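Chains as they are written, first to last, in our numbering: chain G, 13 to 314; chain D, 7 to 165. Every residue gets a Cβ at the ideal spot worked out from N, C-alpha and C, and that includes glycine. Predicted, not measured: the structure shown is a model, and the values here were computed from it. Quick notes on the structure that follows.
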Amino acid sequence: MNLNPTTPLIIPPELAEYYGRRVRLSVQQFPGMPVFVAQLLNELKQEETDIRVLSEQLRVDPGITVNLLRLANSARFGASREIKSVHEAVVRLGVRRTVEILLAFHVAGHLSNPLKGYNLSASELMEHSLWAALAAEKICAEIPGAPPPEHAFTAALLHDIGKVLLSDFVVQEQPAILHLVQHEKHSFDEAEKRVLGWTHAETGAAILSHWNFPELLIQAARHHHDPEQAPEEYRMLDGIVHVADFLAYCQGPGAGVDGFSYHFHEAVRERLPLSKTVIERIAGETLEQVQAFSTAFGLQGR
Amino acid sequence: MAKIIVGISEMAISESADDVLVTHSLGSCLGVAFYDTALKIGGLVHSMLPLSSTDSQRAKKNPAMFVDTGVTTLLEQMFQRGCTRKNIVVKVAGGARVLDRQDLFRIGERNYTVFRKVLWKNSLLIASEDVGGGISRTVRLELSSGRFYVRTGSEEKEL
Chain G
13 MNLNPTTPLI
23 IPPELAEYYG
33 RRVRLSVQQF
43 PGMPVFVAQL
53 LNELKQEETD
63 IRVLSEQLRV
73 DPGITVNLLR
83 LANSARFGAS
93 REIKSVHEAV
103 VRLGVRRTVE
113 ILLAFHVAGH
123 LSNPLKGYNL
133 SASELMEHSL
143 WAALAAEKIC
153 AEIPGAPPPE
163 HAFTAALLHD
173 IGKVLLSDFV
183 VQEQPAILHL
193 VQHEKHSFDE
203 AEKRVLGWTH
213 AETGAAILSH
223 WNFPELLIQA
233 ARHHHDPEQA
243 PEEYRMLDGI
253 VHVADFLAYC
263 QGPGAGVDGF
273 SYHFHEAVRE
283 RLPLSKTVIE
293 RIAGETLEQV
303 QAFSTAFGLQ
313 GR
Chain D
7 MAKIIVGISE
17 MAISESADDV
27 LVTHSLGSCL
37 GVAFYDTALK
47 IGGLVHSMLP
57 LSSTDSQRAK
67 KNPAMFVDTG
77 VTTLLEQMFQ
87 RGCTRKNIVV
97 KVAGGARVLD
107 RQDLFRIGER
117 NYTVFRKVLW
127 KNSLLIASED
137 VGGGISRTVR
147 LELSSGRFYV
157 RTGSEEKEL
């Protein structure tokens with residue numbers, strides 16, 4: 013392949029068509045989400061969840077119990093006396109936080125493998141996603157009329173799930189993609205699209221749709237790099253995920269080969285009135301929470 | 007050889023020739039290394055945000071989070087151990103920038119600007135640096151020699 017920096021790369025359109033078909037097939041074959049997670053997402057939609065019912069559902073899983081107790085007992089959640097039961101943990105953390113933690117716990121299984129295409133080592137994508145999720149719910153608190161924080165948390169947690177699938181294809185064409193990024197002013201997702209026919213954002217949306225997840229999560233994954241292209245009703249949430257994603261790349265681990273090769277969309281700033289100071293304060297708060305979560309999940313927590 | 011990992015918003019100082027101070031994933035954060043060539047004492051701080059005035063309570067609890075308080079505190083600790091301005095070598099890496107035409111996410115540039123001001127106030131100069139650009143870096147400071155290495159992906163160079 014011609015990789016001379018000074019000459020434009022010639023990419024036959026058949027290439028994107030070829031990969032496009034293979035990506036589509038891989039989405040259909042992508043492993044399903046456990047039924048349990050679908051139940052959790054339903055809990056998020058409920059107005060009120062019975063704490064006792066939720067605790068009963070959780071108690072049966074030893075892994076969940078251990079993580080929940082560890083997190084509830086961590087100093088950052090203000091533990092004064094030791095929490096010994098799942099029920100107490102749910103009371104301490106609150107239903108919303110509990111459901112979020114459980115969701116993160118399950119998603120971690122999908123996001124913790126190394127992803128060569130993006131130069132991510134094990135658990136780096138999970139750490140990045142956690143950063144974005146915790147930042148996204150804080151951004152909601154700063155914006156009048158923002159969507160519920162648990163929606164922002166979940167949308168940001170899942171925004172990059174497409175990388176899990178697309179990574180193997182990016183590996184095969186990494187020289188061409190990097191050439192477009194470094195010498196032809198493509199953002200990383202534009203380069204993915206041109207070479208592979210799919211961006212990781214589109215791939216993520218296809219996976220979430222394959223899992224029958226709610227439309228707002230599908231839209232957030234699809235438009236986290238171009239939030240203003242989303243249908244009007246989703247633009248605010250997608251903008252929040254966009255900002256949270258940038259914050260996570262700037263401050264956290266998991267920037268990989270692509271993290272600094274995306275465009276920040278200026279129109280988002282008009283939709284979301286956020287100052288530099290607010291962004292930086294959110295970054296500091298997020299770091300402390302990420303550390304608590306990382307310990308509970310056994311992530312490296314760098 | 008003892009490897010001491012400096013996390014985000016942390017700092018470390020050492021006078022043991024066996025030690026290596028390492029910090030990972032410097033995106034827009036700054037990794038600042040001080041090394042006293044006479045006493046062979048070295049310090050490394052990984053600061054994520056420019057100014058402590060953004061969140062003064064958090065800065066009190068954790069000065070390393072901010073460049074102004076982090077770099078100043080590390081420097082004070084070096085002085086307390088007998089290090090002197092004329093022997094301290096300053097090296098810095100990080101401060102990467104995302105593609106933001108406005109300034110919301112120019113955190114890396116703001117970090118670097120504040121860092122320059124802190125050095126200027128303390129009459130210190132930068133010996134070498136690897137800042138800006140669109141890459142994430144890992145750095146390490148060898149206490150035995152004062153050598154400072156920057157790694158991006160699989161490529162490593164001495165600064």
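Proximity test, Cβ basis, 7 Å: residue i and chain G
| i | result |
| --- | --- |
| D/Q83 | no |
| D/T78 | no |
| D/Q86 | no |
| D/D136 | no |
| D/G140 | yes |
| D/A119 | According to the sequence provided, residue 119 of chain D is Thr. The question's Ala does not apply to it. No, because no Cβ of chain G sits closer than 7 Å to the Cβ of D/T119. |
| D/Q63 | no |
| D/V51 | no |
| D/V104 | yes |
| D/F111 | yes |
| D/T144 | no |
Residue i to residue j span [Cα, whole Å]
| i | j | result |
| --- | --- | --- |
| G/G44 | G/H122 | 11 Å |
| D/G13 | D/S34 | 14 Å |
| D/S53 | D/I113 | 11 Å |
| G/I291 | G/M138 | 22 Å |
| D/S129 | G/A218 | 56 Å |
| D/R103 | G/K197 | 15 Å |
| G/A203 | G/L228 | 26 Å |
| G/E297 | D/H30 | 20 Å |
| G/T166 | G/A145 | 7 Å |
| G/C262 | G/A279 | 20 Å |
| D/V124 | G/N131 | 34 Å |
| G/S38 | G/R104 | 41 Å |
| G/G32 | G/L177 | 13 Å |
| G/A160 | D/Y155 | Here residue 160 of chain G is Pro; the residue named in the question, Ala, does not match the sequence. Roughly 44 Å between the two C-alpha positions. |
| G/E162 | G/R108 | 7 Å |
| D/S150 | D/Y41 | 10 Å |
| G/R314 | D/S160 | The pLDDT assigned to G/R314 is 41, lower than 50, so where the model puts this residue is not dependable; a value taken from the coordinates is nonetheless given after this. Distance between the alpha carbons of G/R314 and D/S160: 19 Å. |
| G/Q40 | G/E29 | 17 Å |
| G/L66 | G/F225 | 21 Å |
| G/W223 | G/H277 | 29 Å |
| D/L57 | D/V77 | 11 Å |
| G/E112 | D/M71 | 27 Å |
| D/Q63 | D/V73 | 15 Å |
| G/L81 | G/P265 | 26 Å |
Own chain partners of residue i with C-beta closer than 8 Å, once the 5 adjacent residues on each side are dropped
| i | result |
| --- | --- |
| G/I155 | M248, I252, L284, P285 and L286 |
| G/F117 | G75, I76, N79 and F309 |
| G/A84 | A91, I95, E100, A101, R104 and L105 |
| D/Q86 | none |
| G/G157 | M248 |
Spatial neighbours of residue i in its chain, beta-carbon cut-off 7 Å, leaving aside the 5 residues before and after
| i | result |
| --- | --- |
| D/Y118 | L36, G101 and V137 |
Chain D within 7 Å of residue i, Cβ atoms only
| i | result |
| --- | --- |
| G/Q184 | no |
| G/Q241 | no |
| G/G296 | yes |
| G/A145 | no |
| G/S273 | yes |
| G/S265 | The displayed chain sequence assigns Pro, not Ser, to residue 265 of chain G. So, interface residue. |
| G/Q301 | no |
| G/R314 | Residue placement at G/R314 cannot be trusted, given a pLDDT of 41 that sits under 50; the coordinates are not used to answer. |
| G/T289 | yes |
| G/R381 | No statement about residue 381 of chain G is possible, as the shown extent of chain G runs from 13 to 314 and does not include it. |
| G/E292 | yes |
| G/C152 | no |
Contact set for residue i: own chain, Cβ-Cβ below 6 Å, skip 5 residues either direction
| i | result |
| --- | --- |
| D/A8 | D24 and D25 |
| D/F111 | V104 |
| G/E185 | V207 |
| G/A164 | A148, E149, C152 and I252 |
| G/L220 | L229, I230 and A233 |
| D/L165 | K97, S134, D136, F154 and V156 |
Whole-Å CB distance - residue i paired with residue j, under 8 Å assumed
| i | j | result |
| --- | --- | --- |
| D/Q99 | D/L50 | For clarity, residue 99 of chain D is Ala in the given sequence; the question names Gln instead. No, D/A99 and D/L50 are not in contact; Cβ-Cβ is about 10 Å, not under 8 Å. |
| D/S142 | D/L27 | Actually they do not touch by this definition, with Cβ atoms about 18 Å apart. |
| G/H212 | G/G174 | 4 Å |
| G/G129 | G/V183 | 4 Å |
| G/V302 | G/W143 | 6 Å |
| G/T215 | G/V35 | 6 Å |
| G/A120 | G/P126 | Between G/P126 and G/A120 the Cβ distance is about 14 Å, and since that is not below 8 Å, they are no contact. |
| G/D172 | G/Y274 | Actually they are not in contact, since the Cβ atoms of G/D172 and G/Y274 sit about 11 Å apart, beyond 8 Å. |
| D/K46 | D/E21 | 7 Å |
| G/D250 | G/P239 | 4 Å |
heavy atom of the ligand GDP below 6 Å from residue i C-beta
| i | result |
| --- | --- |
| G/I230 | Inclusion of the ligand GDP in the displayed structure is not the case, the ligand content being empty and no account of it being possible. |
Proximal residues of chain A, C-beta to C-beta of residue i below 9 Å
| i | result |
| --- | --- |
| D/D74 | Among the protein chains in the structure shown, which are G and D, there is no chain A. |
Within the segment 176 to 214 of chain G, ranges of the alpha helix (DSSP H) (whole runs, at least 4 residues): 186 to 195 and 200 to 208
Beta strand (DSSP E) segments (min. 3 residues) lying fully within the segment 39 to 110 of chain D: 47 to 53 and 94 to 100
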